[in-house]
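Have a look at the structure below before the remarks.
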Amino acid sequence: MGERRSTIKDVARMAGVSMTTVSHALSAKRPVSPETASRIQAAIEELGYVPSSAARMLQAGRTLMIGLVVPDVSDPFFGSLAVGVEQAADESGYGVVLSSSSRASERHARYFDLLRSRSIDGLIYVAGDAGRDPQLAELAQSFPVVLADEWVAGFDRIPLIAADHRMGGRLVGEHLRALGHRDVSIISGPPGLRSVEDRMAGFRKVFPHAAVVAGDFTEETAARATAEHLASRAAPPTAIFAVNDLSALGAIDALLAAGLPVPGRVSVAGFDDVAFARRVQPPLTTVHQPIDEIGSLATRTLIELIGGAAPLSPPPRPVELIVRESTAPPRA
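As numbered in our numbering, residues 60 to 391 make up the sequence shown, in order.
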């Protein structure tokens, strides 16, 4: 494995200045004090620094900062995606400005303003609802934008980096059917999201008549909806598929509160395979999607756009069913 090549960030860190100041010293477009220039030159020589494509972009007026808008950074899924974005950005000499929109467009309007003012070079956008954001529509006409995880209506020409949600739903359905389940229910997510629709469509390929319980990706709503679903039935379903892991956790809480052991009376499966999925009791059967990889690929795609390329959306990333202890054959 080759030795890591020094970046403009390394030079800036060693010289005790900003990356922009290093750029000014290299390009001679703006004055830099002799003392500062000397420190920068010493750092360049000690590190053996050779300007990268990112450094050349900074010299050309780029900020080497990108924006990331997610619905809720407290959600473990979006936190993991942000880690993937930050790691890939750092490898390319970029920084990341993060916005947790909390599913309210007003909260990230200022990040669109950053694009307009060219304070950031591009934007990775993760939609939290199915509504088309007019600000995003305007920006996408003239600024680099990449969608991650979630399709947005009307933006088919914007690169989308996402998992194969339909395949994941089908894998859960096939697993439960193989265990012998026939009476199953689904806890859905926010209405209109393509990812939710695809997960449910994949599951319904196997269980076309599964009952649907309305959810919104949160543990609290799933727990309440599961309790109401149980109260409306003469007998509980033998299995529940929640379209994300937080909803699965809420369903388990409600089932245990109702005296229904998991998986002894009701099996539960989720989707995402966030960090807590293997630590809850019982450990959660779920669909693993490559969250870090989605974040990294979205970042690399955005940097290509910033550099003037026109990358297309890659095929959906493959997913994998992780079978743990929350699913079992139905009780006879």
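In this text, a Cβ means the ideal position worked out from N, Cα and C, and glycines have one as well.
Cα separation between residue i and residue j?
i: Phe214; j: Arg72; result: 39 Å
i: Pro373; j: Ile245; result: 29 Å
i: His240; j: Leu206; result: 36 Å
i: Arg258; j: Met226; result: 7 Å
i: Ala313; j: Gln340; result: 14 Å
i: Ala237; j: Gly318; result: 26 Å
i: Val211; j: Glu105; result: 47 Å
i: Pro320; j: Leu219; result: 40 Å
i: Leu85; j: Lys264; result: 59 Å
i: Ala293; j: Leu315; result: 17 Å
i: Val425; j: Gly126; result: With the chain covering only 60 through 391, there is no way to say anything about residue 425.
i: Leu235; j: Pro389; result: 9 Å
i: Asp332; j: His83; result: 45 Å
i: Thr280; j: His224; result: 22 Å
i: Glu278; j: Gly154; result: 32 Å
i: Ile67; j: Ile103; result: 9 Å
i: Ser306; j: Val243; result: 16 Å
i: Phe276; j: Pro267; result: 22 Å
i: Phe202; j: Ala369; result: 12 Å
i: Val378; j: Gly187; result: 21 Å
Could you give the DSSP three-state label for residue i: helix, strand or coil?
i: Ile353; result: helix
i: Thr285; result: helix
i: Ile183; result: strand
i: Ala391; result: coil
i: Arg292; result: coil
i: Leu157; result: strand
i: Ala369; result: coil
i: Ala273; result: coil
i: Arg162; result: Here Arg162 scores only 49 on pLDDT, less than 50, and its place in the model is too uncertain to base an answer on.
i: Leu198; result: helix
i: Val9; result: Outside the displayed span of the chain (60 to 391) sits residue 9, for which this structure offers no information.
i: Val204; result: strand
i: Gly138; result: helix
i: Leu308; result: helix
i: Val129; result: strand
i: Gln100; result: helix
i: Ala334; result: helix
i: Arg216; result: coil
i: Ser65; result: coil
i: Thr79; result: helix
i: Pro374; result: coil
State the beta-bridge partners of residue i as determined by DSSP.
i: Thr386; result: DSSP lists no partner for Thr386.
i: Phe300; result: Ile245 and Ala328
i: Leu380; result: Val346
i: Arg124; result: The residue you asked about is not Arg; residue 124 is Met in the sequence shown. Note: Met124 sits in a beta bridge opposite Gly154.
Give, in chain order, every unbroken run of the alpha helix (DSSP H) that is at least 4 residues long and sits entirely within the stretch 218-271. 224-238 and 253-263
Between the stretch 251-267 and the stretch 281-288, are three or more C-beta pairs nearer than 8 Å? no
If you pair each beta-carbon of the stretch 354-366 with each one of the stretch 130-148, do three or more pairs fall below 8 Å? yes
Take every Cβ of the stretch 255-272, pair it with every Cβ of the stretch 297-311, and state whether three or more of those distances are shorter than 8 Å. yes
Would you say the stretch 375-391 touches the stretch 342-354, given that touching needs at least three Cβ pairs under 8 Å? yes
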